[in-house]
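*Asks:*
Protein chains: 2
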Amino acid sequence: MMMHAVSARSVGRDLGGWRDDAGRRPAYRALADGIRLLVHDGRIPLGAALPGERELAAELNVSRTTVTTAYSVLRDEGYLSSRQGSRSTVAIPPSAQRYGHGAPARRTAGDDIVDLSYAAMPAPAREVQDAYESALQSLPPFLDTHGMEPHGIGVLREVIAARYCARGLETTPAQIMVTSGAQHAIRLLLGALTAPGDRVLVDHPTYPNALEAIRRGGGRPVPVPVRPEGGASRGWDLDGIRSAARQTAARMAYLIPDFHNPTGLCLDEAGRTELARIARDTRMVLVVDETMVDVWLDAPPPAPVASYARSGAEVVTIGSMSKSHWGGLRVGWIRADQELITRLVGGRSANDLGTPVMDQLAATRLLGLGDGPVAERREVLRAQRGVLLDELSARLPDWVPTVGAGGMSLWLKMPAPVSSALAATAPSHGVILAAGTRFGIEGAFERFVRLPYARPADELRRAVAAVASAYEALGVTRDPAEPALVV
Amino acid sequence: MMMHAVSARSVGRDLGGWRDDAGRRPAYRALADGIRLLVHDGRIPLGAALPGERELAAELNVSRTTVTTAYSVLRDEGYLSSRQGSRSTVAIPPSAQRYGHGAPARRTAGDDIVDLSYAAMPAPAREVQDAYESALQSLPPFLDTHGMEPHGIGVLREVIAARYCARGLETTPAQIMVTSGAQHAIRLLLGALTAPGDRVLVDHPTYPNALEAIRRGGGRPVPVPVRPEGGASRGWDLDGIRSAARQTAARMAYLIPDFHNPTGLCLDEAGRTELARIARDTRMVLVVDETMVDVWLDAPPPAPVASYARSGAEVVTIGSMSKSHWGGLRVGWIRADQELITRLVGGRSANDLGTPVMDQLAATRLLGLGDGPVAERREVLRAQRGVLLDELSARLPDWVPTVGAGGMSLWLKMPAPVSSALAATAPSHGVILAAGTRFGIEGAFERFVRLPYARPADELRRAVAAVASAYEALGVTRDPAEPALVV
Chain Z
30 MMMHAVSARS
40 VGRDLGGWRD
50 DAGRRPAYRA
60 LADGIRLLVH
70 DGRIPLGAAL
80 PGERELAAEL
90 NVSRTTVTTA
100 YSVLRDEGYL
110 SSRQGSRSTV
120 AIPPSAQRYG
130 HGAPARRTAG
140 DDIVDLSYAA
150 MPAPAREVQD
160 AYESALQSLP
170 PFLDTHGMEP
180 HGIGVLREVI
190 AARYCARGLE
200 TTPAQIMVTS
210 GAQHAIRLLL
220 GALTAPGDRV
230 LVDHPTYPNA
240 LEAIRRGGGR
250 PVPVPVRPEG
260 GASRGWDLDG
270 IRSAARQTAA
280 RMAYLIPDFH
290 NPTGLCLDEA
300 GRTELARIAR
310 DTRMVLVVDE
320 TMVDVWLDAP
330 PPAPVASYAR
340 SGAEVVTIGS
350 MSKSHWGGLR
360 VGWIRADQEL
370 ITRLVGGRSA
380 NDLGTPVMDQ
390 LAATRLLGLG
400 DGPVAERREV
410 LRAQRGVLLD
420 ELSARLPDWV
430 PTVGAGGMSL
440 WLKMPAPVSS
450 ALAATAPSHG
460 VILAAGTRFG
470 IEGAFERFVR
480 LPYARPADEL
490 RRAVAAVASA
500 YEALGVTRDP
510 AEPALVV
Chain U
30 MMMHAVSARS
40 VGRDLGGWRD
50 DAGRRPAYRA
60 LADGIRLLVH
70 DGRIPLGAAL
80 PGERELAAEL
90 NVSRTTVTTA
100 YSVLRDEGYL
110 SSRQGSRSTV
120 AIPPSAQRYG
130 HGAPARRTAG
140 DDIVDLSYAA
150 MPAPAREVQD
160 AYESALQSLP
170 PFLDTHGMEP
180 HGIGVLREVI
190 AARYCARGLE
200 TTPAQIMVTS
210 GAQHAIRLLL
220 GALTAPGDRV
230 LVDHPTYPNA
240 LEAIRRGGGR
250 PVPVPVRPEG
260 GASRGWDLDG
270 IRSAARQTAA
280 RMAYLIPDFH
290 NPTGLCLDEA
300 GRTELARIAR
310 DTRMVLVVDE
320 TMVDVWLDAP
330 PPAPVASYAR
340 SGAEVVTIGS
350 MSKSHWGGLR
360 VGWIRADQEL
370 ITRLVGGRSA
380 NDLGTPVMDQ
390 LAATRLLGLG
400 DGPVAERREV
410 LRAQRGVLLD
420 ELSARLPDWV
430 PTVGAGGMSL
440 WLKMPAPVSS
450 ALAATAPSHG
460 VILAAGTRFG
470 IEGAFERFVR
480 LPYARPADEL
490 RRAVAAVASA
500 YEALGVTRDP
510 AEPALVV
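Quick note, the sequences are listed as chains Z and U, same order.
Reading the first sequence from the start, the letters are residues 30 to 516 in our numbering.
Reading the second sequence from the start, the letters are residues 30 to 516 in our numbering.
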């Protein structure tokens, strides 16, 4: 009854280069691998029906037997469930669910598969426990109220505002709205600033969940490249942003100038000045996601992009505790001019009625600790990044990493466009990957893969061995027409 | 830059009967009162620009001076802020903000204004504190993970599933998704089940935030009456629901059959059987909001509507801790067939990345306590409902209350359609009200007002005195053409 079917065309588009290793695997196997990846990636929604066999065979220009066999492999593995009288719908089998969205605890005894599909760390356990204990002491006055705080509790907004002031950006608590994480902030901002059909400029590559939020809201993402290559053109293409803003009349841009996900790059002062100028000139609201801002590794970032703006309305800033502290807090925020904040608070009740008081109190406490816990985390990440780079240069020397000044992952260029195939087969070699195509639009980045260094060194070593083994099994040889890469 | 203007037409429509007491207040004053109410109600979004004076005067058929004067009253009071070179935009002045969405703690020393705009209670303090303490003990294993749980943690899903089983509705933990409250559940379901332009059947009156969520998602609410009048036609109009579902081809219905908000009515067994049959026959997904289900006062509700359904797909159930325990937990859930749950979990990352672990653990603990804390709450509510009814019959004997079998509020019919004017002037008499029109579509329920009995008896007494004083100041006399009402 609820079923909706994905079209053969969209499956064909998302499969991208699924047959690039043709001849090494039977076609039905390559197709099953490709579809399985799309399921894990969320590009084929769970519960959706796959296209009819005939239709998909025609779209992919393969025999119907190939599609039938691929579907039956997926059915055997539990990725397709058939129901009486209806088409097969997509599922994730229980055995694979710990890598999926529904994952309970990621690390279980004897678990030797490393999950590199996400870039997030476990909590600093002692600090987070202390913070919740302290929160419990501060809870009683709130228990005497109905407990719903769409704007966020005052003490937390004060601490957040003070942090911006300390970074050189004058901010009052009234300019802060607490959200349930950065993704929630993105969704609320899209709701307030865009209407269905509006264009939204995005970095390319960018954070996959932001792309998904834009699409679900009916927006149209307009990609502007963030180039990993070295030299003067590395990073943000500011002329490209200006002309894209002009040509598309985009209402909003969503950018990650502070240790960009997935590349780790950081926009310099001159770039920030120009970015703020573009927003002003084109009357496009610049939403700057600072989720990674505290995860600088080589050098601290310049002042917030918003501090380069002339008025308060042209740059909106998103912050989050998820990378600097812990994702389980689900606390983030929006900094904007007071007019937009009051509008966001007023409209929030259409979406949810607030972030829980307890976690806001814990976040207040954690932010009050200052840079200590985050500095420790940076040390750990520097060491882990070193291990990952060493392992990669030993085992996959022709993969070219982008090494930004911070963040939690490397963005690697492979000698061949096999990212989807690699991610599809990687689990059977012992590692879960997010294919490069997840970070782009319309199948871009088939030649790239993101490897986070947020897991401990021993896991990273095992992960790289597994990645190398999966890559080797694909039998890729460097395309002789491809020039050597310079970083 | 961010400004958007509301049209004269929409302001005119939302103002409804603003001049029904014409002659008692100057027109500019009535207009200012009406606009102030729309601002507090959220029907004019904060940060929006009001229509041009000439335009609004034409729409309302009043002189331009009336509009100019009303705007200047609002500007003096702080409800309109002017910025250099741009139109005036709507705001809530700091002095009034504690009654607004951004309210920090509701009860402050010396505060003698009673806020009856919401129907929610303070926490059962000891139980909630104990639950968080216990949650802190269970937290460590989660600290070793990234902490993001879009499906919800297993222990909580198990407790919720067991509660449905105990109510006669077989449910597995895989059929449960934990959400950040019921409103968040409504939003996620609208995203999964409807597309912009789709019709959604709703009770009329209904929960205002659900209407807002439907509108913001681009849906079109189709109202079906829930009649407060006594006799055989009291409550849900099932024939009306069937024919509305057929005629509009609605994809989804959002109904509150268990102690309906705002009337407190409860649908009987025969009605539930028919409702499930309608969903099956019309292929419309029935979303049943059970937020109030534990707040039965006179008699427990029949079995869940979902237990009258033949297949798992036709009825989806929403639950919440906000009314039975505490709104500050921000924990709710969706019960549906596994196919829809996997789809919701898979798509959630476009909206947010999960409900905080800590609050899920506390909710697990609270639900594990069984009916004890909720039974105490029911006792309190019964007594408070009695006080409210007594005070009303003493001071406002010609207001006709609907007394349902549960819930947290009375739905009162007044002798004249003055709800908007009453809510607009009530704060100056000492009470904050939600106008009846908030619970309806296109200005309906101007003759009704919702009075929650969720606050303590002394506040209810003061509130009714204030309501009576505000009502008296409006100078309403019963329309002689209006027949006496029978309950």
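Built from N, CA and C at the ideal position, the CB exists for glycine as well.
#1: Buried or exposed: which applies to D427/Z, given that a residue is buried once 16 or more other Cβ atoms fall within 10 Å of its Cβ?
#2: Do the CB positions of R309/Z and S349/Z come within less than 9 Å of each other?
#3: Is DSSP giving P432/U helix, strand or coil here?
#4: Run through DSSP, which three-state label would M177/U get?
#5: Among the residues of its own chain, which have a CB less than 6 Å from the CB of A282/U, if the five just before and after it don't count?
#6: Hey, out of G176/U, L185/U, T174/U, S438/U, whose CA is closest to M321/U's CA?
#7: What's the C-alpha gap between A464/Z and A332/Z?
#8: Based on the DSSP secondary-structure assignment, which residues constitute the bridge partners of L480/U?
#9: Assess, as a yes-or-no matter, whether the region 180–197 of chain U is touched by the region 380–396 of chain U under the definition of 3 or more beta carbon pairs within less than 8 Å.
#10: Of all the options M206/U, Y108/U, P254/U, which has the alpha carbon lying nearest to the alpha carbon of F474/U?
#11: Would a C-beta distance cut-off of 9 Å place S353/U and L198/U closer than the cut-off?
#12: Starting from the Cα of L172/Z, find the closest Cα among F171/U, E156/U, R306/U and give me that residue.
#13: Could you say which of S498/Z, V460/Z, G459/Z, D388/Z lies nearest to L168/Z if we only look at CA atoms?
#14: For I307/U and L267/U, what's the separation of their Cα atoms in angstroms?
#15: Which whole runs of the alpha helix (DSSP H) in the region 324–402 of chain Z are 4 residues long or more, in chain order?
#16: I'd like the list of long-range same chain contacts for V344/Z, defined as Cβ closer than 7 Å, with 5 residues on each side in sequence excluded.
#17: Enumerated in chain order, which unbroken segments of the alpha helix (DSSP H) with a length of 4 residues or greater are wholly contained in the region 447–497 of chain U?
#18: Over the uninterrupted alpha helix (DSSP H) stretch that includes D287/U, give me the two end residues.
#19: Does the region 370–390 of chain U come close enough to the region 225–244 of chain U that 3 or more CB-CB pairs lie under 8 Å?
#20: Apart from the five residues on each side of it in sequence, which residues of its chain come closer than 6 Å, Cβ to Cβ, to G246/U?
#21: Apart from the five residues on each side of it in sequence, which residues of its chain come closer than 6 Å, Cβ to Cβ, to A138/U?
#22: Report yes or no: is there a C-beta of chain U within less than 9 Å of the C-beta of G381/Z?
#23: Using 8 Å as the cut-off, can you tell me whether the region 366–381 of chain U makes contact with the region 206–222 of chain U, which would need three or more C-beta pairs spanning the two stretches below that distance?
#24: For V184/U, which three-state DSSP category applies?
#25: Candidates L67/Z, V91/Z, E84/Z: which alpha carbon is nearest A56/Z's?
#26: For D62/Z, which residues from the same chain have a beta carbon less than 8 Å from its beta carbon, with the 5 sequence-adjacent residues on both sides left out?
#27: Candidates A502/U, A299/U, V35/U: which alpha carbon is nearest R116/U's?
#28: Comparing the C-beta of L410/U with each C-beta of chain Z, is any distance below 9 Å?
#29: Let me see if you follow: with CB-CB separation under 9 Å, is P169/U close to chain Z or not?
#30: If I follow the unbroken alpha helix (DSSP H) through V96/U, where does it start and stop?
#31: Quick check on the DSSP output: what are the complete alpha helix (DSSP H) runs of length 4 or more inside the region 180–267 of chain U, in order along the chain?
#32: With a 10 Å radius around its C-beta and 16 neighbouring C-beta atoms as the bar for buried, classify P430/U as buried or exposed.
#33: Rounded to the nearest angstrom, how far is the Cβ of L326/U from that of A434/U, given a contact under 8 Å?
#34: Taking C-beta to C-beta, are L373/Z and A365/Z nearer than 9 Å?
#35: Hey, quick one: how far does the beta strand (DSSP E) through V317/Z stretch, first residue to last?
#36: Does V493/Z get closer than 9 Å to chain U when you measure Cβ to Cβ?
*Replies:* Looking at the coordinates:
#1: exposed
#2: no
#3: Position check: residue 432/U holds Val in this sequence, whereas Pro was assumed. Coil.
#4: coil
#5: L230, M313, L315
#6: S438/U
#7: 33 Å
#8: L439/U
#9: yes
#10: P254/U
#11: no
#12: E156/U
#13: D388/Z
#14: 9 Å
#15: 367–376, 386–397
#16: A305, A308, L315, V317, V334, A335, A338
#17: 448–458
#18: No alpha helix (DSSP H) holds D287/U; DSSP gives it neither H nor E.
#19: no
#20: L219
#21: Low per-residue confidence applies at A138/U: pLDDT is 34, beneath 50, and the placement is therefore not dependable enough to give any value.
#22: Sequence check: residue 381/Z is Asp here, not Gly. Yes, contact with chain U.
#23: yes
#24: helix
#25: V91/Z
#26: W47, R54, A450, A453, T454
#27: V35/U
#28: no
#29: yes
#30: 93–106
#31: 183–195, 211–222, 237–245
#32: buried
#33: 6 Å
#34: yes
#35: 314–318
#36: no
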